[in-house]
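In our numbering, the protein residues as written are 9 to 360.
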């Protein structure tokens, strides 16, 4: 196998979780240049993540920061294009569906560099979501498309994409399965918060449709206040801004906490009675961990979790969310949807 030079583009916390698995399998065989766009850069969170996931520090940080979708994507492309030209990689590797993903994909396509997309083929079928636009365009630019599930591969086939498509399993499952024993053993988060297993609801909300709309966010907080269980809510920076605008004072059963590291988050997820979220990654993690999930959206790219009965689309209207949180837990087996923990090895084996 010829040794390749791979330029990997990341920019958000979930992308680090995905890249951790692939980089571990990639670096013994190929040369990787890890580039962080700075899309969601937070020094404390990023440093903790790198340490916990045993990842090297990025070789380049573009420091793009926040902005409108068009502005942010354009700044990333302006920074990435000269870097790709000067480094002349054999392959650009992108993950998921963020603006960093799309910027990396467009630069690679315009410069004629082979493009690999990890987590290809996901579709919510809601073109109003920026993430949906990013993933569709990236898939149509990519030379290698690594699908986490068979449904994802079928989505690509329906769009006429059949070349370079491989169903590999999910790299986030690789990382979860690797670090779950360590999280259970070493995370002090449940003890610090005084939590007993299956005694609380874990909440994560960060999507603009839920947290930028202050009326909707207030309604969701009202649902949490009506629960008998304690609600533990690690607050995303975007959500904290909206809470400040609301002048929100938490109800007695709601614990607003700062964002936590990966191992602490795994431990909190694994111990929850139920998870309420609008995150795609958390939906997957809940399924793998066997924790019933309520998704505060009207669609999901992880439709398999709905079919298996472990995830419910509840929208964001209060009564629908409350009904979903209070429903009985699903029964029966959980099919293995996301692979056996070796997706990254399959991906690396398919790169050359």
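Idealized CB from N, CA, C, for every residue including glycine.
Reduced DSSP category for residue i - H, G, I as helix; E, B as strand; rest coil
| i | result |
| --- | --- |
| residue 108 | helix |
| residue 83 | helix |
| residue 115 | helix |
| residue 56 | helix |
| residue 301 | strand |
| residue 21 | helix |
| residue 69 | strand |
| residue 89 | helix |
| residue 272 | helix |
| residue 95 | helix |
| residue 16 | strand |
| residue 41 | strand |
| residue 277 | helix |
| residue 308 | coil |
| residue 326 | helix |
Identity of the residue in the options nearest residue i by Cα
| i | options | result |
| --- | --- | --- |
| residue 72 | 242, 236, 108 | 108 |
| residue 132 | 159, 203, 239 | 159 |
| residue 297 | 16, 11, 189 | 189 |
| residue 173 | 184, 218, 154 | 154 |
| residue 32 | 93, 61, 23, 57 | 61 |
| residue 136 | 186, 179, 77 | 77 |
| residue 178 | 360, 352, 359 | 352 |
| residue 23 | 56, 70, 126, 93 | 126 |
| residue 282 | 338, 18, 164 | 338 |
| residue 111 | 331, 150, 58 | 150 |
Residue range of the unbroken beta strand (DSSP E) whose run includes residue i
| i | result |
| --- | --- |
| residue 4 | Beyond the ends of the chain as shown, which are 9 and 360, falls residue 4; an answer cannot be given. |
| residue 122 | 122–126 |
| residue 11 | First-last for residue 11: undefined, no H or E at that position. |
| residue 238 | 238–242 |
| residue 282 | 282–285 |
| residue 212 | 208–212 |
| residue 152 | 152–155 |
| residue 101 | 99–103 |
Cβ neighbour criterion (16 or more within 10 Å) applied to residue i
| i | result |
| --- | --- |
| residue 234 | exposed |
| residue 275 | buried |
| residue 292 | buried |
| residue 335 | exposed |
| residue 26 | buried |
| residue 284 | buried |
| residue 277 | buried |
| residue 249 | exposed |
| residue 205 | exposed |
| residue 47 | buried |
| residue 182 | buried |
| residue 279 | buried |
| residue 129 | buried |
| residue 194 | exposed |
| residue 36 | exposed |
| residue 70 | buried |
| residue 245 | exposed |
| residue 222 | exposed |
| residue 120 | exposed |
Endpoints, alpha helix (DSSP H) assigned at residue i
| i | result |
| --- | --- |
| residue 194 | 179–194 |
| residue 251 | 245–254 |
| residue 319 | Looking at the DSSP string, residue 319 is not in any alpha helix (DSSP H); the run it does join, the beta strand (DSSP E), is 319–321. |
| residue 174 | Element bounds for residue 174: not the alpha helix (DSSP H) but the beta strand (DSSP E), 173–175. |
| residue 311 | 311–315 |
| residue 268 | Element bounds for residue 268: n/a, residue is neither H nor E. |
| residue 146 | 138–149 |
| residue 218 | 216–219 |
| residue 169 | Here residue 169 belongs to no alpha helix (DSSP H), and DSSP marks it neither H nor E. |
| residue 353 | 351–357 |
| residue 200 | 197–200 |
TODO: Check whether the segment 86–95 touches the segment 115–134, counting contact only when three or more Cβ pairs, one atom from each stretch, lie closer than 8 Å.
DONE: yes
- [ ] Determine, using beta-carbon pairs with one atom in the segment 201–219 and one in the segment 166–178, whether at least three such pairs fall under 8 Å.
- [x] no
Open item on the list: For the structure I just gave you, are there three or more beta carbon pairs, one from the segment 27–46 and one from the segment 234–254, closer than 8 Å?
Closed with: no
Task: Contact the segment 322–329 vs the segment 301–310: 3+ CB pairs below 8 Å - done: yes
Open item on the list: Closer than 8 Å is the cut-off here; do at least three beta carbon pairs connect the segment 205–215 with the segment 234–245?
Closed with: yes
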